[in-house]
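Data block below; observations after.
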Amino acid sequence: MGSEALRLDGVSKRFGTVAALQEAWLNVEDGEFVTLLGPSGCGKTTLLNLIAGFLEADAGEIFIGGQLVTQLPVWERNLGMVFQSYALFPHMDVAKNVGYGLRARGVSKAEAARRVEEALALVRLSALAGRRSRELSGGQQQRVALARALVIRPRLLLLDEPFSALDRNLRAEMQIELKEIQQRLGVTTIFVTHDQGEAMSMSDRVAVMSEGRILQLDTPEGIYRRPAHAFVASFVGDATMLPGQLIRRNGATALVRAAGREFTVPTAPLEALAEGAAILLYLRPEHLSPEDEGLAGTVASRAYLGDRAELVVEVPGAGRILLRVPGVEALHRWPVGAPIRIGFTRAEPVAFPA
């Protein structure tokens with residue numbers, strides 16, 4: 175990493191009266207795996223299509239490898255694209271599907287055959303080179319689509335929700351396989367998903383999007399532990415929100431009160447607030463634990479997940495708090511309706527304006 179693979183400078187796109195993308199700024203380094211994460215309709219596919227050249231930006235500039243490509247057509251950008259729908263040719267066999275882009279670029283038959291063989295070996299499909307795409311499973315078709323995108327040796331690899339049609343186990347397998355291939359080749363990758371687990375497990379950095387804007391670009395740990403926006407805190411991971419009050423700011427940290435207790439939080443999200451203003455405190459379930467002297471509540475619901483259980487605890491004056499505890503312990507100690515006390519000793523909360 176180090177050199178710039180992709181840069182977006184204030185890129186915007188409207189469809190009629192709808193602002194699909196609003197002044198997107200993004201820098202991706204060579205060899206990075208960056209995920210665009212957000213709910214449906216947030217603008218992530220629009221952003222990917224602008225990078226690919228399928229759409230034309232209304233404002234802003236796009237650079238790939240330092241070259242301005244905003245007005246460059248799709249076929250001159252040399253990008254590999256993997257779609258949710260696979261987009262394979264059903265009348266062609268696997269090898270011809272993979273080699274299609276090479277033939278369109280005028281690569282010789284001998285060189286194309288060699289590169290197709292390499293690409294199929296990379297995705298572990300060499301034995302299926304002569305099979306028709308319609309005869310393949312969903313996972314195999316996705317591997318063919320990936321091989322086709324990689325065989326042209328793209329400057330960027332773009333993937334739009336590529337695993338959303340796969341079952342859970344196959345999806346997890348493909349996530350691991352894609353990340354291993356990406357690291358082996360060092361290809362710069364832009365990945366689109368609405369699945370936070372997928373984004374957090376695969377990415378070097380994650381760009382969280384909402385309503386056409388990139389709200390935060392950071393490492394998975396930074397997104398989870400240091401969210402810069404209330405939407406990011408609530409969308410990525412589970413969080414309990416407690417109403418509270420800003421007591422005072424002390425440089426980089428601030429003191430807030432919620433559920434009758436005081437917490438130290440980062441100041442940055444609260445800079446515009448006056449002391450005494452209402453805030454929402456965000457607590458992750460793994461930062462809470464049962465304690466004899468903790469906040470008193472009652473188990474309102476319980477979900478057993480094997481190695482752990484998730485308890486929703488009703489606390490008078492604070493609402494509902496999500497707590498994770500060992501699964502076996504939960505079965506015996508905390509049935510629905512049982513009293514429980516919650517401690518905040520491991521809490522690393524953040525707070526945002528209410």
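For the record, in the sequence shown the residue sitting at position 41 is 215 according to the working numbering, with numbers rising by one throughout.
Where a beta carbon is used, it is the ideal one built from N, C-alpha and C, also for glycine.
Cβ-Cβ separation, residue j to residue i (assumed contact under 8 angstroms), whole Å
i      : j      : result
Arg515 : Pro464 : 6 angstroms
Arg435 : Phe518 : 6 angstroms
Ala373 : Leu211 : 4 angstroms
Phe365 : Thr209 : 5 angstroms
Ala428 : Gly418 : About 11 angstroms separates the two Cβ atoms, so there is no contact after all.
Pro213 : His461 : That pair is no contact at about 25 angstroms.
Leu340 : Gln316 : 7 angstroms
Gly273 : Val256 : Not really, about 16 angstroms apart at Cβ, beyond 8 angstroms.
C-beta atoms of residue i and residue j nearer than 8 angstroms
i      : j      : result
Gly254 : Ala323 : yes
Arg306 : Asp267 : yes
Ile236 : Val185 : yes
Ala474 : Arg494 : yes
Val489 : Leu457 : no
Sequence-distant residues of its chain with Cβ nearer than 7 angstroms to residue i (five each side left out)
i      : result
Ala504 : Arg476, Tyr478, Ala483 and Leu485
Glu449 : Leu420, Ile421 and Arg422
Val248 : Ala226, Gly227 and Phe228
Asp232 : Ser186, Lys187 and Arg188
Leu496 : Asp412, Thr414, Pro459, Glu484 and Val486
Arg308 : Pro264
Gly190 : none
Thr438 : Thr427 and Leu429
Spatially closest choice to residue i from the options, by CA coordinates
i      : options                           : result
Ala179 : Gly304, Gly217 and Arg251         : Arg251
Asn201 : Ala194, Asp183 and Pro213         : Asp183
Gly480 : Thr472, Val499, Leu469 and Pro490 : Val499
Ser384 : Thr219, Glu206, Gly190 and Ser177 : Thr219
Leu299 : Arg288, Arg308, Val281 and Ala321 : Ala321
Asp378 : Thr191, Phe437, Gly215 and Glu206 : Glu206
Ala301 : Leu332, Ala269, Val382 and Arg308 : Ala269
Gly360 : Ser375, Leu330, Gln241 and Ala346 : Leu330
Ala152 : Ala339, Ala512 and Ile355         : Nothing about residue 152 can be reported from this structure: the residues present for the chain run from 175 to 528 only.
Ser115 : Glu351, Ile388, Leu389 and Thr362 : Residue 115 lies beyond the range of the chain shown here (175 to 528); nothing can be said about it.
Arg345 : Thr362, Gly312 and Pro328         : Gly312
Leu310 : Asn271, Glu203 and Asp466         : Asn271
Thr363 : Leu222, Arg288 and Glu347         : Leu222
Val430 : Val406, Ile388, Ala528 and Ser177 : Ala528
Gly396 : Glu522, Thr191, Glu488 and Asn424 : Glu522
Phe405 : Val382, Gly425 and Ala426         : Val382
Glu347 : Val297, Ala407, Trp508 and Ser259 : Val297
Glu203 : Gly215, Arg181 and Gly468         : Arg181
Gly471 : Asn343, Trp508, Val502 and Phe437 : Trp508
Leu332 : Gly501, His506 and Leu224         : Leu224
Gly240 : Val502, Gly501, Ser177 and Glu230 : Ser177
Beta-carbon contacts of residue i that lie in its chain and below 8 angstroms, excluding the five residues immediately before and after
i      : result
Ile326 : Asn252, Gly254, Gly275, Leu276 and Arg279
Arg400 : Asp392, Pro440 and Val524
Gly304 : Asp267, Val268 and Ala269
Pro328 : Asn252, Leu253, Gly254 and Val361
Ala446 : Pro527
Gly234 : Leu182, Asp183, Gly184, Val185, Ser186, Glu197, Ala198 and Thr244
Gln258 : Asp334, Glu335, Pro336, Ser338 and Ala339
Val510 : Val473, Ala474, Ser475 and Arg476
Gly501 : Tyr478, Leu479, Gly480, Asp481, Arg482 and Ala483
Asn424 : Thr441
With 16 other Cβ atoms within 10 Å as the buried cut-off, status of residue i
i      : result
Lys283 : exposed
Phe526 : buried
Gln357 : exposed
Gln124 : As displayed, the chain neither begins before 175 nor continues past 528, which places residue 124 out of reach and without an answer.
Gln349 : buried
Val318 : buried
Gln245 : exposed
Ala261 : exposed
Ala198 : buried
Ala286 : buried
Gln390 : buried
Val380 : buried
Leu407 : This sequence places Ala at residue 407; Leu is not what is there. Classification of Ala407: buried, given that the 10 Å Cβ count is 16 or more.
Ala452 : exposed
Sequence-distant residues of the same chain with beta carbon closer than 6 angstroms to residue i, five excluded per side
i      : result
Gly386 : Ala193, Ala194, Leu195, Gln196 and Gly217
Leu416 : Ala432, Ala433, Leu455 and Ala492
Val243 : Ile236 and Arg251
Ala293 : Val272, Ala321, Leu324 and Val325
Ile388 : Ala198 and Ala381
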